[in-house]
Amino acid sequence: MTQPATTGARPRRRARFGLFALLLALVANFALLGCGSSDPAPEAAPAAAASLVKSEPVSIDVPSIDAHSSLVPLGLNEDKTVQVPPVDQPLQAGWYRFGPTPGEAGPAVVLGHIDGNHQKGIFWRLHEMKKGDQVVVGRKDGSKATFTVTKVDQIAKKTFPTEAVYGNTSDAQIRLITCGGTFDPEKHSYLDNIIVYGTLAA
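All residue numbers in the sequence shown are consecutive under my numbering, ending with 242.
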């Protein structure tokens with residue numbers, strides 16, 4: 041979910057990204073984010089826009105659910121699970137920095153909490169999104185990457201669709217991920233994930 045600028049840098053990034061994709065199979069049970077699905081990859085948009093060059097994302101706007109946030113970079117924890125934004129800052133979203141940047145070819149991944157610190161999170165209403173909704177990501181170079189939603193899934197965390205979420209794609213795509221479903225008080229975690237898939241529109 042990050043990258044290009046030069047074609048020479050891309051192969052190294054893709055090789056590294058492939059290794060991380062394998063590690064991400066461990067992600068399914070992390071407490072506040074993630075998701076699972078045995079469904080196939082989302083259908084491609086009728087006419088995908090040309091991918092953009094690498095530029096780090098700085099903000100995200102999802103008008104249909106009134107979600108707006110700056111974006112912080114997220115990596116991997118020592119146990120190889122994906123980092124999440126601080127739970128005491130539930131309105132803060134983050135992007136997975138070891139993948140493509142939003143607008144680049146490949147699936148850019150944005151994570152946010154459904155709730156935290158006794159308040160609603162940035163993706164509290166993520167489950168309400170529908171096919172055709174838009175996601176706008178502001179980029180460091182001043183450009184904006186606008187994505188059109190193609191699919192919304194609620195999936196058990198134990199069947200997290202690693203390949204569908206993190207696997208390489210030929211066009212620029214985005215994934216928005218949060219928790220959902222029933223809350224398990226013993227595990228202090230939701231049992232499902234909500235995953236929104238989108239393709240670059242402009």
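Yeah, the Cβ is synthetic: ideal placement off N, Cα and C, and Gly gets one too.
Asked, Found
"If you compare alpha carbons, which of Ala-89, Tyr-206, Val-93, Val-150 is closest to Gln-132?", "Val-150"
"Quick check: the Cα distance between Ala-196 and Asp-128, rounded to an integer number of angstroms?", "25 Å"
"Runs of 4 residues minimum, wholly inside the region 202-237: which ones carry the alpha helix (DSSP H) assignment?", "202-206"
"Would you mind stating whether Gly-134 and Pro-125 have Cβ atoms separated by less than 7 Å?", "yes"
"Going by other Cβ atoms of all chains shown within 10 Å of its Cβ, with 16 needed for buried, is His-228 buried or exposed?", "exposed"
"Measure from the alpha carbon of Gly-238 to the alpha carbon of each residue in Asp-155, Pro-97, Val-102, then state which is nearest.", "Val-102"
"So, is Ala-90 buried or exposed, given that buried needs 16 or more other C-beta atoms within 10 angstroms?", "exposed"
"How far does the beta strand (DSSP E) with Lys-191 in it extend, from its first residue to its last?", "184-196"
"What's the C-alpha gap between Ser-210 and Gly-146?", "6 Å"
"Within 10 Å of its beta-carbon, does Glu-144 have 16 or more other beta-carbons around it, so buried, or fewer, so exposed?", "buried"
"Can you tell me where the beta strand (DSSP E) holding Val-177 begins and where it ends?", "174-179"
"At a cut of 8 Å, does the region 105-112 reach the region 183-203 through at least three beta carbon pairs?", "no"
"Within its chain, find whatever has a CB closer than 8 Å to the CB of Leu-231; leave out the 5 residues flanking it on each side and keep chain order.", "Ala-196, Lys-197, Gly-221, Thr-222, Phe-223, Asp-224"
"What is the DSSP secondary structure of Thr-141, reduced to helix, strand or coil?", "coil"
"In its own chain, which residues sit with a C-beta less than 7 Å from the C-beta of Asp-173, not counting the 5 before and 5 after it?", "Ser-104, Val-189"
"With a threshold of 7 Å on Cβ separation, who are the neighbours of Ala-242 within its own chain once the five nearest residues in sequence on each side are excluded?", "Ala-89, Thr-186"
"In angstroms, rounded to a whole number, what distance separates the CA positions of Lys-160 and Cys-219?", "12 Å"
"Leaving out five residues before and five after Ser-99 in sequence, what residues of the same chain have Cβ atoms less than 8 Å from its Cβ?", "His-108, Ser-109, Ser-110, Leu-111, Val-177, Gly-178"
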